[in-house]
Structures are given as C-alpha cells and as structure tokens.
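Chains A and B, in that order, are what the protein sequence lines are. For the first sequence, the working numbering assigns the number 1 to the initial residue and increments by one for each residue that follows. For the second sequence, the working numbering assigns the number 1001 to the initial residue and increments by one for each residue that follows. Comments concern the structure below.
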Amino acid sequence: MHRWHILDLESFWTRLIALRWMGRYADIRHVGYPASAGLVAVSWAAAAFIFHFVQLPDLGIVFLPAVLLSAILWGRGPSLWAAMLSVAISSLLYHPAEGLVEQTAEFIDTILFVGVAIAGSDLAAHIRRQADEATHRETMMAQLYAFSRRLAGIGDPDELFRAIVEHLRAVLRTDVVLLVPVGSELVVAAGSSAAFSPQDKAAAEGLWAGQSARPAELTLLAGWQFRTLRSGRTNVAMLAAHDGGGFRDSKVLRDYLDSLLDQAAVAIERTQLARAYEDARVRAKTESLREALLNSISHDLQTPLASIVGSATALQSFEGLYDSEARGELVATIREEAERLHHIIGNILDLTRIKAGDISPRLEVVELSDIMNAALRRTRRSLADHQLAVLIPADLPMLRLDLFLMEHALVNLLENASKYAPKGTRIEVAARVEDGNMLIDVTDSGVGISSMDMERIFDRFVRAATTDARPAGSGLGLTICRAFVEANGGHVEAYSLGPGKGATFRIRLPVPEASASLDTAVHDE
Amino acid sequence: MNERHETILVVDDEPQIRRFLRTSLAAHGYGVLEASNGADALRLASSERPDLMVLDLGLPDSDGLDVLKGLREWSHMPIFILSVRQAEAEKVKALEAGADDYVTKPFGTAEFVARVKSALRRRVQGAPGEPVFVVGGLQFDLARRVVTIDGAEIHLSPKQYRLLQMLVQNAGKVVTHEQLLREIWGADHTEDVQYLRVFVRKIRNKIEADPARPRYLLTELGVGYRLRAPDQLPDA
C-alpha cells in the first residue's frame, strides 16, 4: 500500500477506490462486466433470501450496493450494466409493474440506479486520478532530488553536460541538444542530433544574443524548442528540444522541468566558476615559477662568468706579475668555472624539456655498468678531489632504460655528492639487486640532510646551505634526477642520519623479467 | 716536436673554435689549415692534401655529412668530427659514413691533441699490417687466431672472435653498433642492439679483470664500442 502524504488518503474507502482490484491483471473493461454481473447475482441471492422471510414491496434497494461497488471498482460501463441488470431483475421478478404508479416508481428506481452508477463511477475515477497524480508528483520529486544530487557530485563540465542531456532526453522523450557559450558564439556541448542543423544553431545564437533580463524564455523555431538556462541573472546555457517535446505538457511537468533546468543551470555555472578559478590559480603558479627560474638562471650563470672574466682579464692585463703557479691557478679557475657553467646550462635545458613534457624515453635493454662508467667519465674532474669507490658487481641483470636520461640522473647525483662532501672524503657508488629491483646507491659523508629538508630536497630551487665558499648549484639537479628516473619507471629516495652525517641517494629500478631469456636467445655460434 | 711536419685541416664556422685549435695544434708542431665552410674544406683537402681533418658537423652551407661522404670518395685521411652532446644519431651516421672518431663539444684540448697524435701515428704504422696486436695484457694474434689475456689463452666462439677482430682492426676508434651487427650477424639484424650488448658482456667476462669497469673493451654510450689502442691506456 502506498502512503499518501499529499492527499492524506488514509480512509478505507479511498484506499478501496485507489485499488485496482482485479483490474491489475486484466483489462478492466473485460473483467468488469462479468464481475459486476456476479455481484448482481449475489444481490439477487440476498434478495431472494430476504424475500423468503419478509415480503418487501421494493427490493430494488438490495441491488444498490452492487451497483455502487461496480462503479467504484470497475467504472462507468460495468456499473451501468449492473444497474440495468438490477432493475431488470428486481422489477421483473419481484415487482412486476402493473399500474401507472408502480411503473413510475419503477422508472424512478431506474433513474436512481443509473444516477448512482454514473455518479459513483465518476467520483471514483476522479479520486483515482488525483491519487495517480500524487504518485506521479512524488516520483518526479524523487527523480529531481536524485538528479540534483548527481549533478552536485560531478566536477567535470563535459560529464555534467552529458548527464543533463541524458536526463532531459528521458524526461521529455525527445532529442535534446545543450549549447554553451564559448566567446561570442554557442557551441554544442552535449547531445547530438542529426536534425540540429547549422541554421538551427544560428537561430539559437540569434536568440541568445537577443536575450534580455527576462527569465527563461520558451521559443519555438523550425521544429526545435529553445529554452535558456539561467542562474541568478546570468544566462549559462541554452537547451534545444526537438519538436513536440515535453515543454508543452501539463503544468506539473512544466514545474518539474523548471526545477530541473534551474538545477542544471546552477550546476553549469558552478563548473564554469571552478574552471575559471583553476585557470587563474595555475597561471599565478606558472608566473611565480617562471620568476623563480629567471632569478635562478641569472644568478647561477653570472657567478661562474664573473670568475671566468675576472681570471682571464687578470691574465691579460697583469701578465708579467704572475709566476707560473699563480698563472696556473687562474687558468684552473677559468676551466672549473666554465665546466660548472656547462653543467648548469645542461640542467636548465633539461628542466625546460621536463616542463614541456618532452621526456619521451627511448627504452632499450642496457648494461648498467655502461651507463655508470659514462657518468663517472663525465664527472671525473669533479670527483678528482674525493676518494671514489665503485662497487658494481660484474653480473648484474640488464635493465630496460633510456641511456641518456639515466646517465644524466647519475651525473646529477655524482655532482651533488662532490659538491656537498668535503674534499678527501669517500664517495661510494654501489649497485645490487633486491626483490626484483635494482638498487643504485650514491653515498657521501658530507653535509647530510635534516629531516625537515628531506621532503623538499627534490623540489625545484631548493639547495642545502653550504658553510664553505663553494657556491651551491642551481637547485635543479635533484629535481631533474627524479624526473628522469621516474620517466624510466623508477624511484629516487634520499636517506640521511642527519646534518653532518652524510647522505645516500638511492635509485630503484625494476628489473625486467625477460633478462634471463635474452641471454639464451643470443645467437652465438 | 713534430719533425714530419704534418698538416691538419680544421673546418668549423666558429672563429673562436678555429682559433684555439690552431693555437694548440701549432704549438705541437703541426701545420694548420682552416676552412669555415664545406666548399672550402673540399677544395683545400684536394689541393693541399692534409694528413688529418677536423670537421664540424654543424656547418652553415652544407651538411657536414655530405662533406664527409664527398671526401671519402677519394681520401683515406683520418677525419675527426666535432659535434654537440646528445646528437648521438648524428655521430653514428658520421662514423658510418667514414669518420674515424668524434669529439663532443666542449672538449679539453689535451685529450683532443692526444687523440690526433694517436690517429696520425696509427696511420703511419699502417693498420692491417701488424699480425699481433697488443694492448696492456691483451694479445691478439690475427695470423694464428689466438687471443691471450695476461699470458693465458682464452677460448672465443667464432662470432666472439669476429667481433674482437673488428674492434682490433679499428683499434682506438669507435665502431658503431650497426657496423658490428651487420658484419657479424648480417644486414637483417642491424636493429638488435640488445643482443650485441649481451654478447659484449660475455666477451668482457672473458678478457676483463673487472667486467663492470672495462679496461680494454669500452662502450661509447649510444654509439658503439671501442677497443683501446695502446697509447690510450690510462697509465700509458
């Protein structure tokens, strides 16, 4: 049984009226006639029973309940049928009309019966209709609620447009197209109909441009009904429903549609605002990053250049003043600073590539020692002042890597170690396999990393504080290292026992399983 | 000092590069010719017949590769190419078009001059003439087809021997992956670089004291392999 909150239909009678007893399983009209005849038969039996004991002059009244019940349960047709049967039976069998008075009485009876039949069935039908409408309204309300909840959960504008169009198409049972403004024209955001031609779109744009502050206008143009969705005072979108859609139906449906479209408009505005906010946020962030990058580049390039120009001009101008040792030092400075410049420029170029999303790794099956040796060769001068220990076993499995990205990453780790470890101290490079991963460790006994800095060291432009006069790098080395290692499917982690206690940087790379089979596949006769 | 007075042709469009190369090479006793474009390079090469050419791949008027190919049609002089880092494909193409070695900018003059000397010395010695090649503890007897390391003979499969032989015949110079693959496995296998790597690992396991840090059979990352010439050993 439904609960009828709206009409408060709690009484037995109205429940009965609303009941579609027997009508549920068959067409009412087919069931009603024999059923009402059945009721009449029952009344007849009752009448006969009463007549047996009391010879009532007018037994017509016994048939009245049957007629009324027929009217309530099965409608006008069957109840009129029941009325006719009742009149026939009661007058013919129990009350044959002899005189005019009796015939008039019979006539009045007939009218009464028919009247009851008609009135009863009409009343019942009316109540039933109201009950149906109440159910329908309740269903629509539930749908509207579900719809607005669903809309509230969607963040992506395209998904939102699709959801709106889908729902409206189901409600209106026709093709629906949603148009949103992009710049000065309207663009189809969701829903597509072959029948929505460019002329229709132009008509929509015309309407859109002509929109004033008037609320949702309904306009019919060339087989399409257009309706503007507004949120507050802003027009956010335009809806087009194909020819004869539900815009024109009952008031209930129109109200429902209004609520639906209001929800849709609000949701659309919400996503548009969210997007505008996000764009502004990203722009601001890019600006500040660009700012930081320019500052960093400027500083990091000027510093070594200053040493180079200084040393070179000294050699030029005051040539006779220097002995060979002093000359040697100046020249060494020029060389070292130039190499530092080279390294920094390389890092900046890498960073630009990373930001442009331009790291497409070319993965090949490679020998780790090849990459490691190339990286060591490149950093030989920087590592010359340290004790280098290389612990790489001979039979490590081959890895699937991009040669140059990984070489770069290793060079950056080695440069880092040489920068932050005091001269003469030990720098160790080791590799081993553990749990299907290759672990490559670069360990130094230098300034170490505090637990606070641990999370930030891979960020851009973060440098450790150095106490000696050696300038720190651009702060990009580790960022690039991480980006390149991750492009190869690996991870970089840093470990340190604290400031002054050195650090280990670990690259973890997956070991491909095909390595073993590659060995045997080599044609080696 | 250089008694033979060999001449070196330097081809680069940047005057600064030509300047420091000229200065350093002249200081070592070499005669230096200069050209700033491909046309002049070819002209000077044929008229002056230098003993070695240093060629920049990024010339303005022509593709350095074309100059190289043009030259190789009639000359066997050693040619070094200058290129920038991460132009590996370019380097490989040049090596396969006949260049002997490549130098990546920026480069140190000392290493550069050492390589020039080494290339000229090899040329004078006449490469394929020597039947026995020795570098450090590695001895390669081409006539008897015997390879020993620190006196002990090692067994190599035919393909392994062939690879080492190619590297020995080009000792000190880079041989590209493709050249090795084509020569040993045939033209259909020039893409199978990973097989080559596994192969080289097996050879290194036999001839190197520490295969992870090879002394003789070196990798030129992304380009190919090189067997060190005796004068290229670190302690030479």
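Backbone N, C-alpha and C fix where the C-beta goes; we use that ideal spot for every residue, glycine too.
**Request:** Kindly list, in the order they appear in chain B, the residues whose Cβ is closer than 8 Å to that of Leu403/A.
**Result:** Leu1221 and Gly1222
**Request:** Tell me where the alpha helix (DSSP H) around Ile528/A begins and ends.
**Result:** Nothing can be reported for residue 528/A: it is not among the residues displayed for chain A, which extend from 1 to 525.
**Message:** Using C-beta distances below 7 Å, list every residue in its chain close to Cys481/A, excluding the 5 sequence neighbours before and after it, in chain order.
**Reply:** Ala409, Asn412, Leu413 and Val492
**Request:** Please list the partners that Ala1212/B has in chain A, where partner means a Cβ-to-Cβ separation under 7 Å.
**Result:** Ser369, Ile392, Pro393 and Ala394
**Asked** Would a C-beta distance cut-off of 7 Å place Phe420/A and Val442/A closer than the cut-off?
**Response** First, the amino acid is wrong: residue 420/A is Tyr here, not Phe. Going by C-beta atoms, Tyr420/A is not nearer than 7 Å to Val442/A.
**Item:** Complete beta strand (DSSP E) runs within the stretch 351-390 of chain A (minimum length 3 residues, chain order)
**Value:** 364-366
**Item:** Selected residue, minimal CA-CA separation from Leu289/A, among Glu434/A, Leu476/A, Ala194/A and Leu391/A
**Value:** Leu476/A
**Asked** Is the CB-CB distance between Val67/A and Ala82/A below 7 Å?
**Response** yes
**Distance between Gln263/A and Arg508/A (C-alpha atoms, nearest Å)** = 51 Å
**Request:** Spell out whether any CB of chain A is found under 7 Å from the CB atom of Gln1016/B.
**Result:** no
**Asked** Are the C-beta of Thr467/A and some C-beta of chain B separated by less than 7 Å?
**Response** Legend: pLDDT at Thr467/A = 48, less than 50; position of this residue unreliable, no value from coordinates given.
**Prompt:** Do Ile1149/B and Leu1163/B have their CB atoms nearer than 7 Å?
**Reply:** no
**Prompt:** Leaving out the 5 sequence neighbours to the left and right, which residues in its chain are closer than 7 Å to Met140/A when beta-carbon positions are compared?
**Reply:** Tyr256
**Message:** So for Arg1022/B, helix, strand or coil by DSSP?
**Reply:** helix
**Asked** Is any beta-carbon of chain A found at less than 7 Å from that of Ala1236/B?
**Response** Because the pLDDT at Ala1236/B is just 46, under 50, the model does not fix this residue reliably, and the value given afterwards should be weighed accordingly. No, Ala1236/B does not count as interfacial toward chain A.
**Item:** Which listed residue (Gly1151/B, Arg1019/B and Ser1118/B) has its alpha carbon closest to that of Asp1231/B
**Value:** Ser1118/B
**Item:** Proximity below 7 Å, CB of Ala267/A to CB of Leu151/A
**Value:** yes
**Item:** Own chain partners of Ala401/A with C-beta closer than 6 Å, once the 5 adjacent residues on each side are dropped
**Value:** Before going on, a small fix: residue 401/A reads as Leu here, not Ala. If we look at Leu401/A and ignore the five residues flanking it on each side, its Cβ neighbours are Val366 and Asn488.
**Request:** Would you mind giving the Cβ-Cβ distance between Ser79/A and Phe63/A, rounded to the nearest angstrom? I have them listed as a contact below 8 Å.
**Result:** The Cβ separation is near 12 Å, so there is no contact.
**Request:** Using only alpha-carbon positions, find the residue among Glu1208/B, Tyr1161/B and Val1011/B that is nearest to Ser1083/B.
**Result:** Val1011/B
**Request:** Check whether the Cβ of Gly32/A lies closer than 6 Å to any heavy atom of the ligand NAD, and answer yes or no.
**Result:** By its list of ligands, the structure shown contains no ligand whatsoever, and the ligand NAD lies outside what it can speak to.
**Item:** Identity of the residue in Phe226/A, Arg340/A and Gly436/A nearest Glu415/A by Cα
**Value:** Arg340/A
**Request:** In the DSSP assignment, find the unbroken alpha helix (DSSP H) run with Ala1212/B in it and report its ends.
**Result:** It is not in any alpha helix (DSSP H) - Ala1212/B carries neither H nor E in the DSSP assignment.
**Asked** Using a C-beta to C-beta distance shorter than 7 Å, which residues of chain A count as neighbours of Arg1201/B?
**Response** Glu367
**Request:** Specify, as a first and last residue, the run of the alpha helix (DSSP H) that Gln1194/B falls within.
**Result:** Val1193 to Ile1207
**Prompt:** For the putative contact between Glu120/A and Ala71/A, defined by C-beta atoms under 8 Å, what is the C-beta separation to the nearest angstrom?
**Reply:** Note that residue 120/A corresponds to Gly in the displayed sequence, not to Glu. Indeed, because the Cβ distance is near 3 Å, the residues count as touching under 8 Å.
**Asked** Taking the Cβ atom as the reference point for each residue, do Ile1081/B and Leu1138/B lie within a distance shorter than 7 Å?
**Response** no
**Nearest-angstrom Cα separation, counted from Asn347/A out to Asn295/A** = 15 Å
**Asked** If you draw a straight line from the alpha carbon of Glu106/A to that of Leu56/A, how long is it in whole angstroms?
**Response** 15 Å
**Message:** For the beta strand (DSSP E) containing Arg506/A, name the first residue and the last one.
**Reply:** Ala503 to Pro510
**Ala1041/B in three-state terms, based on DSSP** = helix
**Request:** Identify which residue in Glu513/A, Ser298/A, Asp453/A and Leu388/A has its Cα closest to the Cα of Met438/A.
**Result:** Glu513/A
**Item:** Thr139/A, DSSP secondary structure in three states
**Value:** helix
**Asked** Between the beta-carbon of Ala332/A and the beta-carbon of Ile308/A, is there less than 7 Å?
**Response** no
**Prompt:** Is the distance from the Cβ of Ile440/A to the Cβ of Leu388/A below 7 Å?
**Reply:** no
**Asked** In terms of residue numbering, what span does the alpha helix (DSSP H) encompassing Gly1031/B cover?
**Response** Taken as a continuous stretch (DSSP letters only), Gly1031/B belongs to no alpha helix (DSSP H), being part of the beta strand (DSSP E) at Gly1031 to Ala1035.
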